Structures are given as structure tokens and as C-alpha cells.
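Each remark here refers to the structure printed beneath this line.
This is the structure:
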């Protein structure tokens, strides 16, 4: 089963940007409601395949997209 | 009906714009980014994609530096009220719209020092005159990219150099140029750009924005309004993150969708092609009106130095009478009076009567222009 991670962002604009950049680099991602166990925020978070963690983080770093935190979700969908 | 009031609002809107706005209400009308479900995400995607297209359109690399506002006036107020403090020195041209003049006059009462640089009677600005008043105390220089009264283009890039040498920033009001003149903020040295969606960007009324250049620290601008942003919800303090710092409250999703479609259409047609079309129309209009008796035309009358905005008066006739007769007898729609720019009309010598303003748009045809010239000819001779 796929193990997921989730990246939280400070703004909706940042998460939308991260999604676009990831797709452009061929990284499979999905926008999900921010899991409540990680944040009291009300927005959207970026879920990714945990095995792509280094790749996605380097994509974000290169584009200077500021993220809030990265969490391991395991096999739960959200 | 011949609509020649595009300098106020472009109309009719392209079908792509109308469809984008209808589509968003039918299929993606959630609250962008607030809720995390599919229509909220679809809405957030439209907002982000438009933000990205605008940043590219104006030569800024970070899309998060595009701040959506209700219009250019709102964007200008955000920059002026958000940045200026008592004691700051500010420079503006005498061709500015009241969107600039009124907030500046209001801030003047609160202690900012204002220098207005007088433009020539054709609306043009000598960069040396700006250099003469800019000092090390100058915080901001504000320029209309083009006059809404006579269309004259102001030397934005040259003034940027003068402003930056003194340590000041440059705010440009691009209400009349966005969509018809290429604007590269980075290449032109524009620090802050206010634009509106409802003129030549072909979008609907109620959407505009302030674009903050990549190298400008947004911490020096306070938000006009504070509130919910869908981010950092655990905090009761306004976030510093862009664009949320300046975008509290639910966004104008329908307006943003329309603006995005308008922008894509401009890119498809080509900004140079659009400008060439408008230049041809304005040239014919100026030449046709010049041949009529008792007409005074204002501005440079040089379409390499102006956008397609033509202002005139007729000796012995009130501008309101001309505008009314154009509308009632010929179905030709103009805008008469002071065009919310008393300083500009003082500069060109048409205050307080104002002028009749004709501004063609992307859908205007040469036949429309010829009919307008004939109608004005009949009114002049009557």
C-alpha cells in the first residue's frame, strides 16, 4: 500500500503553486483538506507519495515556495 | 449603437470572459481554499492560475506578489495608505486621476509632504522636472502610465531610475495601459503596479490588483483591511504571508475567472496587434476631427506617445450638449466632463468645462470611427 506524506502551507496560493510545480515535475500529488491532527487551519494541504519526499521538497526549494511543515500520513488517505 | 467609452469600461466583453464567469458559477463556485472539498479546490485553482498569468503578464516571477483588489483605485489606496507615514515626501504628476489625487490629499492632511510635477499642456512629462523635486526624503513617486484624459504616456522607466537613485519607490497606475501596452515591471523598474480588470484587460468590473515587484519588501505595506484568510486560522493576528496579508475576506472568484479569460484572449490575439488596431482607429479619429471647424484636440496627437484616448472641445458648444446629442441622435457613446481627473484638465487647459472623450476598444471598427466623425461634423455645423 502507498504510504503518504502531507505538506502544509501558510497560504492557499502557496499550496496551489506547489501542486502545479509538482505536477510539472511529474510528481503525483493530491490536494486534501488539511488533516486536523497536524493543524487547526481551515485550508488545503498537499498529499504526496512518501517515497517522493526528497524530490518534492527539492522542487519546492528550487521555486522558493515556503512550506509550513511536512508530516508522515502512513497509508491513511487523509 | 457605437460604444466609444472604453477608457472608462471596455464593453461588450468577449464571449470567453462571459463563459468563464458563467462556468465558475455553475461548476466551481466554492470558497477558494477555505474548505478543502472539490469545488473549493477548483475555485482556488482558478484564483491561483489567474494570479500566475498576471505575474507573468507583468514580468514578476513570484505569483504570490499579485494582490487581488476590487479595482485600480483600491490597489492605489492600498499602496498609498499602506505605505505612507507622516513626514514622508511623495511626488506625483499633474496628470493623475483622482484615484491617486484624493488619497494623496487625504494623506497630506495627516502629514505627508506632496510635490506635484507639472506636465506640459499635451500631458507629457519631463523627467528632469521629476529629478528636480525628488530628494533623499522622497518615499514614493506615483505616475499614471497613460493619462485617462488624453492618453499621453508618461516616461515610467526613466522616472524609475530617478526615483531609485534617491532611494524612493515607484508606483504606476496602469489603468489605461494594461492590455494595450506591454508592461515588464522588472525591466521598467516599476516597484508597485496598480491595474484594473475592467478596461483593456477585458475583464468584468470589480476586479483589479496591486502587483509588488520581486525585490520589494512587503513588510513596509500595511493592509487596508484585516480578517479571515483561510490560513493560520489559529491566530487572531493578521498574517504576514503574501498574498493573504492583503486579501482578507472571500475573493471575487467570478471576477477573477473573467479577468483570467480576458488575459488569455489578449495573449492569444497579441498585445502588439491590439495596440496596432487601436492606433489605426485613433489616428483616423484624430485626422477626421482635425478637419472639422471649431474643434480643439488635446494631447500629443502622436499615437507612438499615447494610447487610443481622444479628447476634444468645440468652440461655442458645451461638452455635455455634444455628448448628449451623440448619444440621443446618433447612438454614439462618449464620456464628457472632467473624467475624475481635475488636475489633468487643469494641465491641458480644459478645466472646468472638461472635454468630450472618445476611446475605441478591441471591437471598434473603422466604420464606427467614420460614423462618429460624421456625427460630430453634423453637430459642429448645426
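Residue numbers (the numbering used here), protein chains in the order written: chain A, 10 to 87; chain B, 177 to 558. Beta carbons: idealized from backbone N, C-alpha and C, even for Gly. Treat the numbers as computed from the prediction; the structure is a model and nothing was measured.
- Here DSSP, grouped into helix, strand and coil, assigns residue 291 of chain B to strand.
- Comparing alpha-carbon positions, the option among B/491, B/469, B/223, B/459 lying closest to residue 477 of chain B turns out to be B/459.
- In the DSSP assignment, residue 487 of chain B falls outside any alpha helix (DSSP H) and lies within the beta strand (DSSP E) extending over 486 to 490.
- For residue 488 of chain B against residue 532 of chain B, the beta-carbon gap comes to about 6 Å, under 8 Å, which counts as contact.
- At the C-beta level, residue 552 of chain B and residue 435 of chain B stay beyond 9 Å of one another.
- Contacts with chain B at 9 Å (Cβ-Cβ) do not include residue 78 of chain A.
- Between residue 196 of chain B and residue 209 of chain B, the C-beta gap is not smaller than 9 Å, which leaves the two residues out of contact.
- At the C-beta level, residue 346 of chain B and residue 359 of chain B stay beyond 9 Å of one another.
- Here residue 555 of chain B is near residue 493 of chain B, since their CB atoms are less than 9 Å apart.
- At a cut-off of 9 Å between C-beta atoms, residue 73 of chain A counts as an interface residue with respect to chain B.
- Chain-ordered listing is empty here: chain A has no CB closer than 7 Å to the CB of residue 296 of chain B, the nearest sitting near 42 Å.
- A residue is called buried once 16 or more other Cβ atoms fall within 10 Å of its Cβ, and residue 10 of chain A, having fewer, is exposed.
- Spatial neighbours of residue 402 of chain B in its own chain (CB-CB distance under 7 Å, excluding positions within 5 residues in sequence) are listed in chain order as 414, 424.
- Below 8 Å, enough C-beta pairs join the stretch 244 to 256 of chain B and the stretch 366 to 377 of chain B to call them touching: three or more.
- At least one CB of chain A lies nearer than 9 Å to the CB of residue 216 of chain B.
- The straight-line gap separating the alpha-carbon atoms of residue 273 of chain B and residue 357 of chain B is approximately 19 Å.
- Residue 515 of chain B: not part of any beta strand (DSSP E); DSSP gives it neither H nor E.
- Each of B/546, B/450, B/536, B/418 was checked against the Cα of residue 398 of chain B, and the nearest Cα belongs to B/418.
- In the three-state scheme derived from DSSP, where H, G and I count as helix and E and B as strand, residue 265 of chain B is classed as strand.
- In this structure, residue 374 of chain B lies near residue 185 of chain B, with their beta-carbon atoms less than 9 Å apart.
- Look at residue 86 of chain A: its C-beta is not under 9 Å from any C-beta on chain B.
- Beta-bridge partners assigned by DSSP to residue 535 of chain B: B/181.
- Between the alpha carbons of residue 34 of chain A and residue 225 of chain B lies a distance of about 17 Å.
- DSSP places residue 21 of chain A inside the alpha helix (DSSP H), whose first and last residues are 21 to 33.
- Between residue 18 of chain A and chain B, the shortest Cβ-Cβ separation is below 9 Å.
- The C-alpha of residue 344 of chain B is placed about 34 Å away from the C-alpha of residue 513 of chain B.
- Relative to the Cα of residue 298 of chain B, the nearest Cα in the group B/523, B/547, B/544, B/546 belongs to B/523.
- The three-state secondary structure of residue 422 of chain B, taken from DSSP, is helix.
- With a threshold of 9 Å between beta carbons, residue 220 of chain B makes contact with chain A.
- By the neighbour-count definition (other C-beta atoms within 10 Å, threshold 16), residue 81 of chain A is an exposed residue.
- Look at the beta carbons and you see the stretch 272 to 292 of chain B not touching the stretch 479 to 486 of chain B: under three pairs across the two are nearer than 8 Å.
- In the three-state reduction of the DSSP assignment, residue 58 of chain A falls in the strand class.
- For the stretch 386 to 409 of chain B, the beta-carbon criterion of a distance under 8 Å to any beta-carbon of chain A is satisfied by 405, 406, 407, 408, 409.
- Nearest CB-CB separation between residue 24 of chain A and chain B: below the 9 Å threshold.
- DSSP, read as helix, strand or coil, puts residue 80 of chain A in strand.
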